[in-house]
Amino acid sequence: MDAGKSSNVAFWEVSLNVKGEAKLTYGANPSTAEVTMYATDWCPFCVRAEKLLVSKGANIKKINVDEQPDRRAEMVEITGRRTVPQIFIGNRHVGGHDDLVSLDRDGDLDALLKNIS
Ligand SMILES: N[C@@H](CCC(=O)N[C@@H](CS)C(=O)NCC(=O)O)C(=O)O
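Each residue of the sequence shown is one higher than the last, beginning at 295 in this note's numbering.
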């Protein structure tokens, strides 16, 4: 297998719903790129973006900007945007929820997540 590229390994993912119930999801081709998402817990666009990324097998490092105001300032400085979510795939700023959905519609998201674009 080529280091840094995707494998065809299938995986089980455990997620918790709002009631704290565990849900197992079977997926394939998990993401290899590191995803960083500046977010808040209450933002519906963040929840939707996270769901899409999780459905792709992405590993998401979430930065809660409500709890860490300095990280919010950092987000604004490096992205030039004030809204959450702001999403990075690897070092690439892909934007917010709508940008993520557009990337997926254009068929570019999977490749970005697998570091093959
Ligand atoms: N079109 C944006 C919408 C994001 C958005 O409106 N986020 C809200 C929270 S759900 C926000 O950050 N509002 C604060 C503000 O507008 O300053 C996206 O797709 O990410």
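Just so you know, even glycine gets a beta-carbon here, dropped at the ideal spot from N, CA and C.
Since the structure is predicted, the reported quantities are computational estimates derived from the model, not experimental observations.
Checklist line | Terminal residues of the beta strand (DSSP E) in which A333 lies | finding: Run containing A333: E328 to A333, per the beta strand (DSSP E) assignment.
Item checked: Buried or exposed by the 16-neighbour rule on C-beta atoms within 10 Å, applied to P338 -> P338 should be labelled exposed.
Check: For ligand 1, is there a heavy atom less than 8 Å away from the beta-carbon of H391?
Finding: Flag set: Cβ of H391 near ligand 1.
Notebook entry, point to check: Between the segment 326-343 and the segment 385-398, are three or more C-beta pairs nearer than 8 Å?
Noted result: Contact between the segment 326-343 and the segment 385-398 is established, with three or more Cβ pairs separated by less than 8 Å.
Checklist line | Residues sharing a beta bridge with R386, DSSP | finding: Per DSSP, I383.
Note to self: Using a Cβ-Cβ cutoff of less than 8 Å, which residues in the same chain neighbour H387 once the five nearest sequence positions on both sides are dropped?
What the structure shows: Cβ within range, chain order: I372, T373, Q380 and I381.
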